[in-house]
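Heads up: the structure comes next, in structure tokens.
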Amino acid sequence: MAIATINPATGETLKTFQPDSDAQIEAKLELAQQAFYQYRRLSFPQKAEWMQKAAEILERDREKFGKIMTLEMGKTLKSAIAEVEKSASACRYYAENAPLFLADAPAKTDASQSFVRYQPLGPILAVMPWNFPFWQVFRFAAPALMAGNVGLLKHASNVPQCALLIAEIFKEAGFPDGVFQTLLVGSDKVSNIVADDRVKAATLTGSEPAGASLAATAGKNLKKTVLELGGSDPYIVMPSADIEAAVNTAVTARMINNGQSCIAAKRFILAEAIADEFLKHFTLKFEALKIGDPTLSDTDIGPLATADILKELDSQVQACIKSGAKVLTGGRALSEQPGNFYQPTILAEIPVGSPACFEEFFGPVALVFRVSGIDAAIELANNTSFGLGSSAWTQEKSECDRFISELEAGAVFINGLVKSDPRLPFGGIKRSGYGRELSVQGIHEFVNIKTVWVK
Ligand code: NAP
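Taking numbering that gives the first Met the number 0, the leading residue of the sequence shown gets 0, the next gets one more, and so forth.
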């Protein structure tokens with residue numbers, strides 16, 4: 000895959016980039032290693048000052064960064080600007096909380112003094128996706144750098160300008176040379192970088208094959224990984240739910256980021272008693288969404304990020320229809336105009352056991368299922384290889400308790416939208432990956448948890 004900026008709203012190739020040569024990769028790895036030897040000794044107040052400065056730069060230039068995101072991957076400009084602000088919030092969160100999260104933790108034992116000390120590991124490789132080009136990187140970088148690690152970013156090949164800008168932000172913020180570097184490389188270079196002795200651990204956010212490939216190399220080389228992979232999150236609505244709120248949130252939950260979010264609600268599991276009412280409003284709201292130029296403030300849905308994603312999504316939709324599913328609205332690409340636009344689509348009556356019951360649909364397509372009650376809802380929700388997020392809507396305390404306990408997912412949100420928040424851990428189970436980002440758990444992923452025992 001070429002490293003290039005291709006405007007998804009027009010299909011126009013705007014800029015191509017020469018990938019880093021092997022010699023350049025070598026130089027960056029060496030610089031990362033040398034930078035780590037100095038950087039790991041710096042105090043929290045010093046690192047926090049730079050991290051706060053990174054937040055200020057993000058806030059200062061939110062429009063500029065937002066525009067580049069929209070240009071490279073098609074999210075609406077308003078959501079891109081909000082993403083820049085959220086990235087700043089992660090910088091501030093870890094600047095303030097890292098000293099607390101990484102303070103020596105005493106433990107009472109037979110020693111005169113025993114405790115846990117958290118220490119950085121070294122250069123960490125982050126392989127990141129295009130869908131949240133800033134947020135995904137900052138939620139890795141803010142805790143990693145505050146812990147004293149140094150970062151190496153291999154960003155998705157379709158967001159090179161975002162990748163280069165992020166390295167510049169850390170530089171301008173004051174972080175020393177080599178503490179955060181962008182490697183302009185294709186995915187074929189990742190294995191060698193993971194295997195390199197100077198790289199101590201790796202994280203990948205993306206698809207299952209990419210995660211499995213990185214983890215295989217890391218495993219061979221005995222290195223820790225964190226994987227944030229795909230999802231097909233259930234969105235369950237029970238008869239006691241506030242239907243109006245459930246419908247409104249359902250539209251946002253499915254359409255966030257033009258439908259391309261790992262934690263987007265993808266399978267809508269509706270209790271039979273409220274299904275007709277829910278679907279009537281859900282369909283009307285889908286039909287009212289404005290698709291088009293992502294830079295305009297009244298656009299709800301922009302293009303999908305690449306032509307390949309559009310093709311893949313459409314082939315899933317057509318296969319689902321062929322298997323017997325009913326189209327409630329949408330069902331095709333907007334092929335009469337340039338760009339990767341897809342109609343907001345709702346598919347219902349999906350035959351049990353067909354691929355759509357299990358696959359991730361990465362675009363503005365909602366899959367609808369009807370169930371007789373909570374047992375069937377939980378069974379269907381869990382009947383997938385994924386386990387990222389889940390949302391359940393009910394006013395019944397006993398149902399709420401069951402969803403919290405029985406949904407197989409890294410997160411359960413009751414009467415709300417599944418979202419990431421620096422204050423809460425984020426990650427999945429099953430084939431959605433392992434490890435956690437954000438909160439205290441996120442910063443503990445890439446540290447040596449050193450046991451200290453003093454007689
Ligand atoms: P992808 O193809 O796996 O790409 C993600 C990153 O991995 C890119 O930097 C890509 O580089 C790289 N990559 C691809 N194949 C690789 C390989 N064999 N070895 C090493 N690196 C490789 O993912 P995508 O399809 O663009 O992104 C969408 C997926 O990401 C969805 O499944 C979505 O659910 C998931 N996602 C998960 C989370 C989460 O937090 N759980 C968040 C966002 C997205 P190139 O661009 O150079 O190919």
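Don't be surprised by glycine CBs; every beta carbon is placed ideally from N, CA and C.
Environment of residue i [buried if 16+ CB atoms lie within 10 Å]
{"i": "PHE361", "result": "buried"}
{"i": "GLY229", "result": "buried"}
{"i": "TRP134", "result": "buried"}
{"i": "GLY150", "result": "buried"}
{"i": "MET50", "result": "buried"}
{"i": "MET0", "result": "exposed"}
{"i": "MET213", "result": "First, the residue type needs correcting, since residue 213 is Leu and not Met in the sequence shown. Buried is the call here."}
{"i": "PRO142", "result": "buried"}
{"i": "ILE403", "result": "exposed"}
{"i": "LYS46", "result": "buried"}
{"i": "LEU283", "result": "exposed"}
{"i": "LEU144", "result": "buried"}
{"i": "TRP129", "result": "buried"}
{"i": "GLY372", "result": "exposed"}
{"i": "GLU29", "result": "exposed"}
{"i": "THR393", "result": "buried"}
{"i": "VAL246", "result": "buried"}
{"i": "GLY218", "result": "exposed"}
{"i": "ALA287", "result": "exposed"}
Assumed close pair residue i, residue j - CB separation to whole angstroms, cut-off 8 Å
{"i": "LEU164", "j": "LYS27", "result": "Their Cβ separation, rounded to whole angstroms, is 17 Å, which puts LEU164 and LYS27 out of contact at 8 Å."}
{"i": "ALA125", "j": "PHE139", "result": "5 Å"}
{"i": "GLY329", "j": "PRO350", "result": "Not confirmed; about 19 Å, so no contact."}
{"i": "ASN157", "j": "MET237", "result": "Actually they are not in contact, since the Cβ atoms of ASN157 and MET237 sit about 40 Å apart, beyond 8 Å."}
{"i": "ALA172", "j": "LYS74", "result": "Not a contact, Cβ separation roughly 24 Å."}
{"i": "LEU379", "j": "ALA391", "result": "Not confirmed; about 12 Å, so no contact."}
C-beta atoms of residue i and residue j nearer than 8 Å
{"i": "MET68", "j": "ALA79", "result": "yes"}
{"i": "THR344", "j": "VAL370", "result": "no"}
{"i": "LEU327", "j": "ALA304", "result": "no"}
{"i": "ALA166", "j": "GLN180", "result": "yes"}
{"i": "VAL198", "j": "ILE448", "result": "no"}
{"i": "ALA408", "j": "GLY386", "result": "yes"}
{"i": "PRO122", "j": "GLN37", "result": "no"}
{"i": "ASN339", "j": "PRO7", "result": "yes"}
{"i": "PHE285", "j": "VAL316", "result": "no"}
{"i": "GLY185", "j": "GLY432", "result": "no"}
{"i": "VAL367", "j": "LEU278", "result": "yes"}
{"i": "GLU62", "j": "GLU84", "result": "no"}
{"i": "ASP232", "j": "LYS265", "result": "yes"}
{"i": "ALA244", "j": "ARG253", "result": "no"}
{"i": "THR216", "j": "SER190", "result": "yes"}
{"i": "PRO159", "j": "THR4", "result": "yes"}
{"i": "GLY147", "j": "PRO105", "result": "no"}
{"i": "ASP297", "j": "LYS289", "result": "yes"}
{"i": "LEU226", "j": "LEU203", "result": "yes"}
{"i": "LEU437", "j": "LEU423", "result": "yes"}
Reduced DSSP category for residue i - H, G, I as helix; E, B as strand; rest coil
{"i": "ASP109", "result": "coil"}
{"i": "ALA79", "result": "helix"}
{"i": "SER314", "result": "helix"}
{"i": "GLY65", "result": "helix"}
{"i": "LEU183", "result": "coil"}
{"i": "LEU99", "result": "helix"}
{"i": "SER419", "result": "coil"}
{"i": "TRP452", "result": "strand"}
{"i": "THR12", "result": "strand"}
{"i": "ARG435", "result": "coil"}
{"i": "SER190", "result": "helix"}
{"i": "ASP21", "result": "helix"}
{"i": "GLN118", "result": "strand"}
{"i": "GLU335", "result": "coil"}
{"i": "SER88", "result": "helix"}
{"i": "LYS289", "result": "coil"}
{"i": "ASP232", "result": "strand"}
{"i": "LEU353", "result": "Position check: residue 353 holds Ser in this sequence, whereas Leu was assumed. The answer is coil: DSSP assigns SER353 none of H, G, I, E or B."}
{"i": "VAL158", "result": "coil"}
{"i": "ASN414", "result": "coil"}
{"i": "GLY409", "result": "coil"}
{"i": "THR305", "result": "coil"}
{"i": "THR224", "result": "strand"}
{"i": "PHE368", "result": "strand"}
{"i": "GLY150", "result": "strand"}
{"i": "LEU346", "result": "strand"}
{"i": "VAL326", "result": "strand"}
{"i": "ARG401", "result": "helix"}
{"i": "VAL487", "result": "For residue 487 there is no data in the structure shown, the boundaries of the chain being 0 and 454."}
Residue-chain proximity (residue i, chain B), Cβ-Cβ < 8 Å
{"i": "ASP232", "result": "Among the chains in the structure shown there is no chain B, since it carries only a single protein chain."}
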